[in-house]
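For the sequence shown, the numbering used here begins at 380 and goes up steadily by one.
For reference, the structure discussed in these notes is given below.
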Amino acid sequence: MTKQNHPNFFNPENKKIILYIDKPLANLRPEHVKMLEDIKSQGVTIVNSLEDLKEVLR
380 MTKQNHPNFF NPENKKIILY IDKPLANLRP EHVKMLEDIK SQGVTIVNSL EDLKEVLR
C-alpha cells in the first residue's frame, strides 16, 4: 500500500487506490515507465481505459 504514516496520506477506510490515466500509455519514456512501476509497487492499481476502470470498480 501507500505510505500510511506520510502526513498527506488520507484513506481512513483503507480503500483500494486506483489511478486512472486517460492518455495512451504507449511509447512511454523510460522515466515514465519507472514512475508507473514505482506507483504500482506501492499497491496502487493503474487503469488506462473506462472499460478497465469499470471492471476494477466492480
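Even glycine gets a Cβ: it sits at the ideal position worked out from N, Cα and C.
Because the structure is a prediction, the values reported are computed rather than measured.
Which residue wins for smallest C-alpha separation from residue i, given the options the options?
i    : options          : result
K382 : V435, V423, Y399 : V423
Assuming residue i and residue j are in contact, meaning their beta carbons sit under 8 Å apart, how far apart are those beta carbons, in whole angstroms?
i    : j    : result
Y399 : L436 : Y399 to L436, Cβ: 10 Å. No contact.
N390 : I397 : Not really, about 12 Å apart at Cβ, beyond 8 Å.
To the nearest angstrom, report how far apart residue i and residue j are at their CA atoms.
i    : j    : result
I418 : L404 : 14 Å
K402 : N427 : 7 Å
R408 : E416 : 13 Å
E410 : H385 : 24 Å
I425 : N406 : 17 Å
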